[in-house]
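Worksheet: one structure, shown below.
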Amino acid sequence: MNHAVLFVRDAQRSAAFYREVLGFREIVSLPDAVFLRAPESDNDHDLGLFGVGEAASASPAGRSAVGLYHLAWEVPTLADLRDHRDRLAEAGALVGASDHGSTKALYAKDPDGLEFEVSWLVPHELLGEETEMRTLPLNLEAEIERYGGDRVGALSRVPPAARA
């Protein structure tokens with residue numbers, strides 16, 4: 019996936035959330051549209067936010083209509099995931115945490131209630147039977163003990179300069 023675009027009530031408010039809580043960088047800001055780049059990304063933009071006004075209703079996706087469930091953003095290390103957990107909890111946005119075997123995931127909601135995931139991917143060379151797909155409660159401290167807080171996850175999150 020190259021980028022996501024979300025319709026939100028207030029683009030500036032949502033952009034502030036993604037900047038302050040998730041560390042996104044603002045690339046372009048207009049009154050009703052903001053384009054952001056994820057931390058460590060060299061993409062033109064990773065997230066576009068289009069404001070549609072405070073009167074907009076909540077998305078019925080998953081309750082009474084089809085639609086996108088969530089987007090997932092990767093972090094390089096489990097220490098980064100722990101930092102995100104703490105910032106999301108402090109912002110009152112954290113709604114869950116799961117161990118999916120090959121991924122360790124946090125679930126949160128933005129100011130408009132749109133759910134997203136922040137995850138760390140187990141490095142390919144460490145995948146095995148114990149990392150098969152599952153959904154269990156995440157014990158992040160135990161995962162840091164197991165893999166180390168600074169181990170870089172799946173290759174897709176290694177900054178391009180570090181891959182050379």
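Residues 19 to 182 (our numbering) make up the sequence shown, in order.
In this text, a Cβ means the ideal position worked out from N, Cα and C, and glycines have one as well.
Assignment of beta-bridge partners to T121 by DSSP yields L139. In the structure shown, F35 adopts helical secondary structure according to DSSP, grouped into three states. According to DSSP, V52 shares a beta bridge with S47 and L67. Fewer than three Cβ pairs drawn from the segment 100-114 and the segment 139-154 lie within less than 8 angstroms of each other, which leaves the two stretches out of contact. For E147, the secondary structure class from DSSP, reduced to helix, strand or coil, is helix. DSSP places A97 inside the alpha helix (DSSP H), whose first and last residues are L96 to E108. CA-CA distance, V84 to N157, rounds to 32 angstroms. Going by C-alpha positions, E135 is about 11 angstroms away from L99.
When G71, G41 and E58 are compared, the shortest CA-CA separation from L24 is found for G71.
Assignment of beta-bridge partners to A160 by DSSP yields no partner. Shown here for A172: same chain residues with a beta carbon closer than 8 angstroms to its own, the five before and five after excluded, namely E92, L139, V140, P141 and H142 in chain order. For A22, the three-state secondary structure derived from DSSP is strand.
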